[in-house]
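With our numbering as the guide, the letters of the sequence shown map in order to residues 1 to 196.
All residues carry an ideal CB built from backbone N, CA and C; glycine is no exception.
Predicted model, so just to flag it, every value in this text is computed and none were measured.
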Amino acid sequence: MLRGYKGFMVGLVMGGLLMSALPSMAATNKSYSLTEAAYPIEVNGSAYTGQGLPVLTYKGNTYVPLRAMGDMLGASVAWNDKLGKVVISSGAAIAPCNNAFCDVLVTGSAGHYTVTGKGRVFEAVMQYAVEDGHDYLLEGHQQLEEGVPAWSPFSLDITIPPEQLPANGTLTLELFENSAKDGSRINVLTIPLETF
Numbered sequence: 001m002l003r004g005y006k007g008f009m010v011g012l013v014m015g016g017l018l019m020s021a022l023p024s025m026a027a028t029n030k031s032y033s034l035t036e037a038a039y040p041i042e043v044n045g046s047a048y049t050g051q052g053l054p055v056l057t058y059k060g061n062t063y064v065p066l067r068a069m070g071d072m073l074g075a076s077v078a079w080n081d082k083l084g085k086v087v088i089s090s091g092a093a094i095a096p097c098n099n100a101f102c103d104v105l106v107t108g109s110a111g112h113y114t115v116t117g118k119g120r121v122f123e124a125v126m127q128y129a130v131e132d133g134h135d136y137l138l139e140g141h142q143q144l145e146e147g148v149p150a151w152s153p154f155s156l157d158i159t160i161p162p163e164q165l166p167a168n169g170t171l172t173l174e175l176f177e178n179s180a181k182d183g184s185r186i187n188v189l190t191i192p193l194e195t196f
């Protein structure tokens with residue numbers, strides 16, 4: 001009888017330990033149940049055909065591959081390896097602004113760009129740099145008519161030689177000013193120039 005009681009107690013303790021461990025094991029193993037969408041996706045009158053990648057649904061939300069959707073909307077989608085992020089840009093976007101730069105517009109292609117806007121920077125000196133996601137290809141500065149607090153118009157003509165254009169990536173312009181305190185970059189405004 002004692003032997004059966006000991007077996008019962010050991011079984012009860014082991015069962016309790018196992019039952020208390022299951023919720024913690026389940027909490028660390030997240031899984032998602034995605035299903036292929038059974039309905040069509042249409043963008044501006046064109047049907048999404050999949051391009052080898054399906055449309056998925058999860059909890060009532062529809063998930064479409066980002067690059068495919070960008071192509072259908074006329075937006076460029078690129079990975080910026082240097083910044084570790086996806087960059088999406090569209091010609092229909094509102095001109096970007098921050099505390100030092102506003103109404104910035106880019107025209108041009110194939111390495112020849114004109115950038116216009118207005119700036120409000122310390123001692124009327126704005127800085128700029130162009131990078132390809134890995135390296136800086138061009139750096140410079142421009143003197144504006146007036147410094148802070150006035151807004152002054154600017155126009156930059158940027159040329160990148162054909163051999164420096166990325167084969168697959170995005171040229172990005174950074175507008176900024178140097179801090180009067182320590183010379184670091186402040187008020188950085190990042191603008192895609194072109195995706196290749």
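Between residue i and residue j, is the Cβ-Cβ spacing less than 7 Å?
i: Ala75; j: Glu177; result: no
i: Gln55; j: Ala68; result: Strictly speaking, residue 55 in this sequence is Val, with Gln absent from that position. No, these two residues do not count as a Cβ contact at 7 Å.
i: Pro96; j: Val87; result: no
i: Val148; j: Leu137; result: no
i: Leu171; j: Leu193; result: yes
i: Pro40; j: Leu53; result: no
i: Ile186; j: Tyr113; result: no
i: Val77; j: Gly84; result: no
Can you tell which of the options has the C-alpha that lies nearest to the C-alpha of residue i?
i: Tyr58; options: Leu83, Val43, Tyr32 and Val77; result: Tyr32
i: Gly119; options: Thr35, Leu175 and Leu171; result: Leu175
i: Trp151; options: His141, Pro166 and Glu123; result: Glu123
i: Thr190; options: Asn98, Thr62 and Ile41; result: Asn98
i: Tyr141; options: Tyr48, Met126 and Phe196; result: Here residue 141 turns out to be His, not Tyr, going by the sequence shown. If we check each option's Cα against that of His141, Met126 comes out closest.
i: Ser155; options: Gly183, Asn168, Ser89 and Val106; result: Val106
i: Gly108; options: Ala47, Thr49, Ile160 and Glu42; result: Ile160
i: Asn80; options: Gly169, Gly183 and Phe196; result: Gly169
Please state whether DSSP places residue i in a helix, a strand or coil.
i: Glu194; result: strand
i: Glu163; result: helix
i: Glu174; result: strand
i: Pro149; result: coil
i: Leu189; result: strand
i: Leu144; result: coil
i: Asp157; result: strand
Whole-angstrom Cβ separation of residue i and residue j, contact assumed at under 8 Å?
i: His134; j: Lys82; result: 6 Å
i: Leu173; j: Val121; result: With a Cβ gap of about 15 Å, Leu173 and Val121 do not count as contacting.
Curious, which full-length beta strand (DSSP E) runs of at least 3 residues does the stretch 98-139 contain?
101-109, 112-119 and 125-131
Whole beta strand (DSSP E) elements within the stretch 33-93, 3-residue minimum:
56-58, 61-63, 75-80 and 85-90
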